[in-house]
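Working notes, structure below.
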Amino acid sequence: MKKIALITGASSGIGKELARIHAEKGGDLVIVARSAGKLNQLKEELESKTSAKVTVIVKDLSLPNASQEVYQEVKKAGIEVDYLINNAGFGGQGKFHERAWEEDLAMINLNVVALTALTRLFLPDFVKRNSGKILNVSSTASLLPGPLQAVYYATKAYVTSFSNAIDEELYDTNISVTALLPGATETEFAKVSGMDKTDLFNNTFSAREVAQAGYDGMIEGKLNVMAGLTFAQRLMMRSIPFTPKKMLLSQIRKMQEVPA
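First residue of the sequence shown? That's 3 in our numbering, and the numbers climb one at a time after it.
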């Protein structure tokens, strides 16, 4: 029987590649994002190249009640979701006190509130039938504070912590929760967040590579999956516990500064 994956933020980047991978594996899809044009284009591509049946839900998940509306549309359509993939999210560069509060609030609503709400809505269904997998797209940013991206790093710290805790709560079920922690990835994220001109995005990995690692990790029921890191970046991540916090914060700030 075909597995159905619901993927948020499926119109581009990692989410789009996750949709392609799942369709190539023979699964059906519910794809969610704000852009009707991009979603319908992806639906046409996948249904013409694979056996996938693709359902499109156009929704801005940063808005109140959007997650509930997505869940209701899925239930109304009689769709039973097997894999919940919370990928939608965005960041933003700049000093916290200078950034527009409306942008950071929307970031919190999308990166944290929508992800949590969708998990809360779909998880009881998974538990009832004792099957299902959740993949929450976090970031290596979740492992440390991020000056000049303070809110984004904090939202991703929440995602990793939340995902790991829920996975352990489900220890006696056949349900797993995986956190995908990408490094700098070649997506629209960098341009939208203003990070494309920083040192942090000098070396990026393809969205396909990162999505494949996350999808495989979800299927295997892994707790955390790190992807899209150079050898030097992996060494840096391992050194975090041994680096004085002030020194580490200074290094991160310099990597995220936009050259004048």
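A virtual CB, placed ideally from N, CA and C, is assigned to each residue, including glycine.
Member of N42, V83, I6 and I87 whose CA lies at the smallest distance from the CA of I16: I87
Straight-line Cα distance separating F207 from G185: 8 Å
Contact between the region 75-89 and the region 129-147 (3+ Cβ pairs under 8 Å): yes
Sequence-distant residues of its chain with Cβ nearer than 8 Å to E26 (five each side left out): T52
For T175 and N132, the rounded distance between their alpha carbons: 6 Å
Residues near N113 in its chain [Cβ-Cβ closer than 6 Å; skip 5 each side]: G91 and T157
Close beta carbons around A108, own chain, < 6 Å, minus the five adjacent residues each side: S64
Residue burial classification, A19 (beta-carbon count within 10 angstroms, cutoff 16): The sequence given here has Glu at residue 19, not Ala. The residue in question, E19, is buried, as its Cβ has 16 or more Cβ neighbours within 10 Å.
DSSP state of T200 mapped onto helix, strand, coil: Model confidence at T200 stands at a pLDDT of 48, short of 50, so the residue's coordinates are unreliable and nothing is read from them.
Cβ pair L172, N226 closer than 8 Å: no
Contained alpha helix (DSSP H) runs [length at least 4] in the region 8-88, N- to C-terminal order: 15-26, 38-51 and 68-78
F128 classed as buried or exposed, judged by whether at least 16 other C-beta atoms fall within 10 angstroms: buried
8 Å Cβ cutoff, E100 in contact with chain C: The structure shown contains no chain C; it holds only a single protein chain.
Of the residues K130, Q151, L125 and E71, the one placed nearest D169, counting alpha carbons only: L125
Where G96 sits in the DSSP three-state scheme: coil
CA-to-CA distance, A116 to K61, given in whole angstroms: 11 Å
Per DSSP, cross-strand counterpart(s) of G134: I177
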